[in-house]
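Trainee: Once you've had a glance at the structure underneath, I'll fire off some questions.
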Amino acid sequence: MNALIPADELRRLEALARYSDLSSLPQEAFTRLATLAAQLFRVPIALVNFVAEDSTLSQACVGVDLTRLDRQVSFCAHAILQADVMVVPDARLDPRFSDNPLVGAPGGFRFYAGAPLTTADGHNIGTLCVLDTAPRAEVTDTEREALRNLAALAVDELELRRQTAVLEREALARDQLLAELRRVTRRSEALLAISSLLDLDLLPGELARHAAEQVVPLCGLDWAGLGILQGDALQVTPVWQAPGLSPELAPLLARPMPRGRGATWAVLEQGEVRFVDDYPALPSARPDLVAGGVRGAAWIPLGTFPDLGGGPETDLRYVLVAVRTRPAVWNAADRALLEAAGRSVAGGLHRRAHLDSVQRDAFHDPVTGVHNRRAFEQALAARIAGSAPFALTVLDLDGFKGVNDTQGHTQGDTLLRMFGQTLLAGVTPRGQTYRLGGDEFAVLLDSDGEQDRLLVEDQALEPVDQAVAAVRGAGFDLSGASVGVALWPHDASSGKALLHLADQRMYVHKRRRAGRQTPQPGAAPMATPVH
3 MNALIPADEL RRLEALARYS DLSSLPQEAF TRLATLAAQL FRVPIALVNF
53 VAEDSTLSQA CVGVDLTRLD RQVSFCAHAI LQADVMVVPD ARLDPRFSDN
103 PLVGAPGGFR FYAGAPLTTA DGHNIGTLCV LDTAPRAEVT DTEREALRNL
153 AALAVDELEL RRQTAVLERE ALARDQLLAE LRRVTRRSEA LLAISSLLDL
203 DLLPGELARH AAEQVVPLCG LDWAGLGILQ GDALQVTPVW QAPGLSPELA
253 PLLARPMPRG RGATWAVLEQ GEVRFVDDYP ALPSARPDLV AGGVRGAAWI
303 PLGTFPDLGG GPETDLRYVL VAVRTRPAVW NAADRALLEA AGRSVAGGLH
353 RRAHLDSVQR DAFHDPVTGV HNRRAFEQAL AARIAGSAPF ALTVLDLDGF
403 KGVNDTQGHT QGDTLLRMFG QTLLAGVTPR GQTYRLGGDE FAVLLDSDGE
453 QDRLLVEDQA LEPVDQAVAA VRGAGFDLSG ASVGVALWPH DASSGKALLH
503 LADQRMYVHK RRRAGRQTPQ PGAAPMATPV H
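Just so you know, the sequence shown maps onto residues 3 to 533 in this note's numbering.
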């Protein structure tokens, strides 16, 4: 006869589920209880069973190997319907079990007594039972009480295990929460450190290196670099690499890349952040990097900025590159950190470009593009302090006012720009050119101090001749340039005296060019007049 289903079956199964995976519970404590029950009843078989939805699961078996049984033939499926101990003196005589295959088989069960395992909220989730292959008389009240108490101990053990598991889960959750809080704290500290980089006056490579050092421990990077694109040339400068990075891979990552080859070019052209978890699967992946062990990569475009050392018209495009050699997913936190690092590096580049622009405006002449008087005064003071010999040339354009008056100031500015740039090209890299104001220029030219004075003056005058010839060749009616040259430390003992002497010599030369030959006291004539 099949057992009836309890009225509270769903809630009973929910109560049973609270004890998690019953098959994973340690059996020692339950086995001791089952053994004690078998001894008290002097029977060969005792079980601790849990009645699941369609089967009976034995947590402890004494005298029989019966770990799982169909619920339809289980004695315990009947026992859980009762509030107290269920006793079957002779199963063959009990209509509920007389046709049960467990009873009719040779050596089948004849005697059964089971106490329900009742939870604190009143649900019978199983039994502690004893069985015998021989019938026996009714059990005594003392035996019933003993079986009842043993069942209660089994429930206590279950509840203890459940509460311990709950505490372990809560402890694990706390540990995970604390670990997450520590990760969040470290990431917050890294973000703060990255943002503080904006306050530092660093070159792009240094800025990228400091930013990479902050994100490496948190993002699991193995290499980071700064890609710089100028025209068709893409150079990648390493800013950080893991100590254990393959020595064969490092030079491959820093190798210049021709236009259109590799994912870095696509990122630069599209200007979009890109994270790749599986680099080898990327269609544009470089085979040499795949063979070298690259597994993940990220690209953070930073923008386009003037070359801080290449002049105002030289633009560079920057990209931050990050590489992993171990399979991993770029999670949201990784992306946020790397993008923050990119923003900080880009912000530093903006700041540096702005400061460079401000400095350029402060020390450059906007008309000619050469350095201005302020830059000249600083450079002259620095050269005097350095004590190395040099030549100072001061010159004034003759006939410039006539160009301004007849052709206008726009043409006059064009003449000044052409003259200044030609003069600059003529003295670079041995010196520097300055516009002091109006049509007056100055040149500071290196000298080794051992050269003949006339040779030094010739070297100083040659680029002036070239500049005059260039503007004349462009159609400007410039009569020439009046020039004065003074040598340090031969001609003066201070920068002020040196400049004064060069000015005197320039005015002497101007008067001679105009036909007025009266020399100033102490003024030396020019070795080679400029016509």
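The beta carbon of each residue, even a glycine, is placed where N, CA and C say it ideally should be. None of the values given here were measured: they were computed from a predicted structure.
Pick helix, strand or coil for Ile82, following the three-state DSSP scheme.
Mentor: As a first step, residue 82 must be located in the sequence shown, where it is residue number 80. Ile82 falls in the coil class under three-state DSSP.
Trainee: Give me whichever residues DSSP pairs with Phe307 in a beta bridge.
Mentor: Locating residue 307 in the sequence shown gives position 305, counting from the first residue. BP columns for Phe307 point to Leu318.
Trainee: For the alpha helix (DSSP H) that Pro118 lies in, which residues bound it at each end?
Mentor: Translated into positions along the sequence shown, residue 118 becomes position 116. Segment 113-120 is the beta strand (DSSP E) holding Pro118; no alpha helix (DSSP H) there.
Trainee: Let's see if you can read the secondary structure: which residues bound the beta strand (DSSP E) around Trp490?
Mentor: For the purposes of this step, residue 490 is taken as residue 488 along the sequence shown, with counting starting at 1. Here the beta strand (DSSP E) through Trp490 covers 482-490.
Trainee: I'd like the span of the beta strand (DSSP E) that includes Val445, first residue to last.
Mentor: Taking the first residue of the sequence shown as 1, we reach residue 445 at position 443. Here the beta strand (DSSP E) through Val445 covers 442-448.
Trainee: Use the C-beta contact count for Thr412: other C-beta atoms within 10 angstroms, 16 or more gives buried, fewer gives exposed.
Mentor: As a first step, residue 412 is located in the sequence shown; it is residue number 410 there, counting from the start. By the 10 Å Cβ count, Thr412 comes out exposed.
Trainee: If I measure Cβ to Cβ from Ser346 and keep anything under 8 Å in the same chain, skipping five residues before and after, which residues do I get?
Mentor: As a working note, residue 346 is residue 344 in the sequence shown. Answer for Ser346: Ile196, Ser197, Leu199, Leu200, Leu209, Ala213, listed in chain order.
Trainee: Out of Thr435, Ala154, Gln41, which one is the CA nearest neighbour of Gly85?
Mentor: Walking along the sequence shown from the start, residue 85 turns up at place 83. Position check: residue 85 holds Ala in this sequence, whereas Gly was assumed. Nearest option by C-alpha distance: Ala154.
Trainee: For the alpha helix (DSSP H) containing Gln461, list its first residue and its last residue.
Mentor: Along the sequence shown, read from residue 1 onward, the residue named residue 461 stands at position 459. Its alpha helix (DSSP H) spans residues 455-475.
Trainee: Alpha helix (DSSP H) containing Leu160: first to last residue?
Mentor: Within the sequence shown, residue 160 is the residue found at index 158, counting from 1. Start and end: 143-198.
Trainee: Rounded to a whole number of angstroms, what is the C-alpha to C-alpha distance between Gly414 and Arg474?
Mentor: Taking the first residue of the sequence shown as position 1, residue 414 is located at position 412. Taking the first residue of the sequence shown as position 1, residue 474 is located at position 472. Between Gly414 and Arg474, the C-alpha separation is close to 13 Å.
Trainee: Counting pairs of Cβ atoms below 8 Å between the region 109-119 and the region 71-91, do you hit three or more?
Mentor: With the cut-off at 8 Å, the region 109-119 and the region 71-91 touch.
Trainee: For Gly207, I'd like the list of residues in its chain whose CB is within less than 8 Å of its CB, leaving aside the five on either flank, ordered along the chain.
Mentor: Taking the sequence shown and counting its residues from 1, one reaches residue 207 at position 205. Excluding sequence neighbours, Gly207 sits near Leu228, Thr239, Val241.
Trainee: State the beta-bridge partners of Pro240 as determined by DSSP.
Mentor: Along the sequence shown, read from residue 1 onward, the residue named residue 240 stands at position 238. BP columns for Pro240 point to Gly227.
Trainee: Cβ of Val429 within 8 Å of Cβ of Ala504?
Mentor: Within the sequence shown, numbered from 1, the residue matching residue 429 stands at position 427. Within the sequence shown, numbered from 1, the residue matching residue 504 stands at position 502. For Val429 and Ala504, no; Cβs fall outside 8 Å.
Trainee: Would you kindly report the start and end of the unbroken beta strand (DSSP E) that includes Val64?
Mentor: Here residue 64 is taken as the residue at index 62 of the sequence shown, counted from 1. It spans 57-64 - the beta strand (DSSP E) in which Val64 sits, taken as one unbroken run.
Trainee: Go ahead and label Asp336 buried or exposed: buried means 16 or more other beta carbons lie within 10 angstroms of its beta carbon, across all protein chains shown.
Mentor: The residue labelled residue 336 in the question sits at position 334 within the sequence shown. Flag for Asp336 reads buried.
Trainee: Give the secondary structure of Gly124 by DSSP, where H, G and I count as helix, E and B as strand, and everything else as coil.
Mentor: What you label residue 124 is simply residue 122 of the sequence shown in a count that begins at 1. Three-state result, Gly124: coil.
Trainee: Considering only DSSP beta bridges, list what His352 is partnered with.
Mentor: For the purposes of this step, residue 352 is taken as residue 350 along the sequence shown, with counting starting at 1. Looking at the DSSP assignment, His352 forms no beta bridge with any residue, so it has no partner.
Trainee: Taking Leu255 as the reference, which of Ala364, Ser286, Arg276, Asp290 has the closest Cα?
Mentor: As a first step, residue 255 must be located in the sequence shown, where it is residue number 253. Ranking Ala364, Ser286, Arg276, Asp290 by Cα distance to Leu255 puts Asp290 first.
Trainee: Can the beta-carbon of Ala381 be found closer than 8 Å to that of Gln434?
Mentor: In the sequence shown, residue 381 corresponds to position 379, counting from 1. In the sequence shown, residue 434 corresponds to position 432, counting from 1. Yes, the pair counts as a contact, with Cβ atoms nearer than the cut-off.
Trainee: So, helix, strand or coil for Thr408, using DSSP?
Mentor: As a first step, residue 408 is located in the sequence shown; it is residue number 406 there, counting from the start. Of the three classes helix, strand and coil, the one that applies to Thr408 here is helix, per DSSP.
Trainee: Could you check where the alpha helix (DSSP H) with Met508 kicks off and where it finishes?
Mentor: Locating residue 508 in the sequence shown gives position 506, where the first residue counts as 1. Taken as a continuous stretch (DSSP letters only), the alpha helix (DSSP H) holding Met508 covers 497-515.
Trainee: What is the DSSP secondary structure of Thr530, reduced to helix, strand or coil?
Mentor: Along the sequence shown, read from residue 1 onward, the residue named residue 530 stands at position 528. Reliability of the predicted coordinates at Thr530 is poor, the pLDDT of 41 falling under 50, and the value obtained from them is presented with this limitation in mind. Residue state, collapsed to three classes: coil.
Trainee: Quick check on DSSP: helix, strand or coil for Gly233?
Mentor: Here residue 233 corresponds to residue number 231 of the sequence shown, with the count starting at 1. In the structure shown, Gly233 sits in coil (DSSP, three-state: anything other than H, G, I, E or B).
Trainee: Nearest-angstrom Cα distance between Val619 and Ala265?
Mentor: The structure shown does not extend to residue 619, since the chain is modelled only from 3 to 533, so the question has no answer here.
Trainee: How is Ile386 classed by DSSP in three states: helix, strand or coil?
Mentor: Stepping through the sequence shown from its first residue, residue 386 is reached at position 384. Reduced to three states, the DSSP call for Ile386 is helix.
Trainee: CA-CA distance, Pro314 and Pro308?
Mentor: The sequence position of residue 314 within the sequence shown is 312, counting from 1. The sequence position of residue 308 within the sequence shown is 306, counting from 1. Confidence at Pro314 is low in this model, with a pLDDT of 47, below 50, so its placement is unreliable and no value can be given for it.
Trainee: From Trp225, Gln243, Leu322, pick the residue whose C-alpha is nearest to that of Gly273; which is it?
Mentor: Your numbering for residue 273 matches position 271 in the sequence shown. The shortest C-alpha separation from Gly273 is found at Leu322.
Trainee: Look up Ile47 in the DSSP assignment and give the residues it is bridged to.
Mentor: In the sequence shown, residue 47 corresponds to position 45, counting from 1. Beta-bridge pairing links Ile47 to Leu133.
Trainee: Check Gly109 in the structure and name its three-state DSSP category.
Mentor: Residue mapping note: residue 109 aligns to position 107 of the sequence shown, counting from 1. In the structure shown, Gly109 sits in coil (DSSP, three-state: anything other than H, G, I, E or B).
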